[in-house]
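Numbering (UniProt numbering), first residue to last: 1 to 348.
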């Protein structure tokens with residue numbers, strides 16, 4: 001039996017297809033020029049100090065006049081060519097846009113600028129948001145402002161210190177060790193980190209939703225900090241649903257996680273590969289789509305069938321069986337507690 005793509009809720013998709021605009025792995029030559037609904041540069045300005053603009057659905061965005069992008073990749077995403085001029089000009093524009101935001105959006109960045117300027121003003125920190133938003137500076141500024149508001153809500157005074165596994169263990173150790181989100185080693189063939197999600201780990205476990213979200217924040221930050229290529233190209237989620245039942249669907253948790261990713265964390269989602277979705281998922285598809293939003297829903301690709309057939313499709317996306325956990329027929333033996341110990345030993 002070969003791997004197949006389930007029809008989407010609106011009837012689109014089918015065997016060998018890719019719902020919601022994701023390129024089919026069996027037809028990789030058909031690459032979309034759309035990039036997450038975002039735009040390509042459409043205008044330049046004769047003033048050397050003035051920004052250019054990009055447009056998306058008639059919405060203008062601010063970007064450096066030095067911004068250029070590569071051709072779309074296998075996921076239909078375009079990536080900035082990060083010249084020194086583009087980076088320095090984008091950082092200058094970002095500083096300006098941050099303080100032009102409405103007052104209600106500036107509460108987090110105002111606190112961060114005073115209480116942890118070494119984090120807030122760091123070039124590496126600001127690049128996270130520029131890369132996530134493809135160097136559309138106004139979008140990066142808004143995401144950064146939302147990020148600091150939510151970071152302070154979640155972590156309190158600890159928001160103003162660097163994330164560490166020791167701090168995460170102290171407050172959210174149980175939720176972190178559950179491994180609801182697991183960061184797989186290294187990057188795939190496209191330079192992206194892979195995050196494995198198995199909702200069945202929630203079985204017979206009590207947990208706090210906000211602790212789970214904080215654990216997810218730590219895991220996603222670990223992915224971003226390990227590899228610049230993940231910041232530039234994005235993250236791929238591998239969602240394993242074979243042993244998932246309706247009791248594992250925690251709407252509150254899904255909502256909190258989705259809200260953290262949409263417009264808040266500097267995480268660029270390249271794809272959400274979903275494996276062995278039960279009938280339950282078809283029933284809940286509209287609910288899940290609503291929670292994830294249109295952009296993330298368009299990044300979903302579903303698989304069923306034998307492991308070998310699924311492996312063949314994933315190889316088109318640079319994900320080899322050697323990188324897959326045993327749940328997906330791969331050879332990777334992943335131990336969440338060992339991962340935590342290793343990061344603690346490395347002071348991360």
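Heads up, the beta-carbon is just placed ideally off N, CA and C, and yes, glycines get one too.
Fair warning: this is a prediction, and the values are worked out from it, not measured in the lab.
Close-in-space but distant-in-sequence residues of the same chain around residue i (CB under 6 Å, 5 per side omitted)
i           : result
residue 68  : 81
residue 168 : 176 and 218
residue 132 : 266 and 268
residue 244 : 199 and 200
residue 191 : 229 and 233
residue 329 : 307
residue 160 : 115 and 116
Reduced DSSP secondary structure (H/G/I, E/B, other) of residue i
i           : result
residue 71  : coil
residue 116 : coil
residue 62  : strand
residue 210 : helix
residue 108 : helix
residue 205 : coil
residue 89  : helix
residue 223 : helix
residue 171 : helix
residue 215 : helix
residue 342 : helix
residue 97  : helix
residue 123 : helix
residue 348 : coil
Minimum C-alpha distance to residue i - residue among the options
i           : options               : result
residue 208 : 347, 71 and 256       : 256
residue 379 : 201, 270, 146 and 333 : Any property of residue 379 remains undetermined from this structure, which presents the chain solely from 1 to 348.
residue 151 : 64, 107, 301 and 326  : 107
residue 86  : 78, 66 and 312        : 66
residue 154 : 139, 225, 340 and 171 : 171
residue 125 : 62, 266, 250 and 74   : 266
residue 138 : 61, 319 and 76        : 61
residue 311 : 321, 230 and 300      : 321
residue 262 : 272, 233, 277 and 295 : 295
residue 174 : 197, 212 and 335      : 212
residue 195 : 250, 179 and 206      : 179
residue 286 : 277, 278, 297 and 276 : 297
residue 254 : 283, 135, 289 and 276 : 289
residue 246 : 104, 278, 341 and 132 : 278
residue 158 : 197, 115 and 189      : 115
residue 271 : 75, 63 and 71         : 75
residue 181 : 340, 348 and 346      : 340
residue 105 : 330, 141 and 283      : 141
residue 70  : 64, 63 and 79         : 79
residue 292 : 225, 102, 130 and 252 : 252
residue 197 : 236, 225 and 309      : 236
residue 64  : 97, 319 and 347       : 97
residue 331 : 323, 337 and 185      : 323
residue 326 : 88, 210, 184 and 72   : 184
Counterpart residues of residue i in DSSP-defined beta bridges
i           : result
residue 129 : Residue 129 pairs with nothing; no bridge assigned.
residue 183 : 195
residue 80  : 69
Contacting residues, own chain, Cβ-Cβ under 8 Å from residue i (five flanking each side not counted)
i           : result
residue 264 : 143, 146, 147 and 150
residue 274 : 239, 241, 281, 300, 301, 302 and 303
residue 120 : 109, 112, 113 and 148
residue 276 : 240, 241, 242, 303 and 304
Spatial neighbours of residue i in its chain, beta-carbon cut-off 7 Å, leaving aside the 5 residues before and after
i           : result
residue 344 : 165 and 166
residue 46  : Because residue 46 sits at a pLDDT of 37, beneath the cut-off of 50, its placement in the model cannot be relied upon, and the point is left open.
residue 91  : 123 and 126
residue 205 : 178
residue 187 : 193, 227, 229 and 230
What residue ranges within the segment 132–165 form continuous beta strand (DSSP E) runs of no fewer than 3 residues, ordered along the chain?
Counting only unbroken stretches of 3 or more residues, no beta strand (DSSP E) element lies wholly within the segment 132–165.
As an exercise, report each continuous alpha helix (DSSP H) stretch of at least 4 residues that is fully enclosed by the UniProt domain "CRAL-TRIO" (227–336), in chain order.
Counting whole runs of 4 or more residues, the UniProt domain "CRAL-TRIO" (227–336) contains the alpha helix (DSSP H) stretches 228–233, 251–261, 279–292, 294–297 and 307–315.
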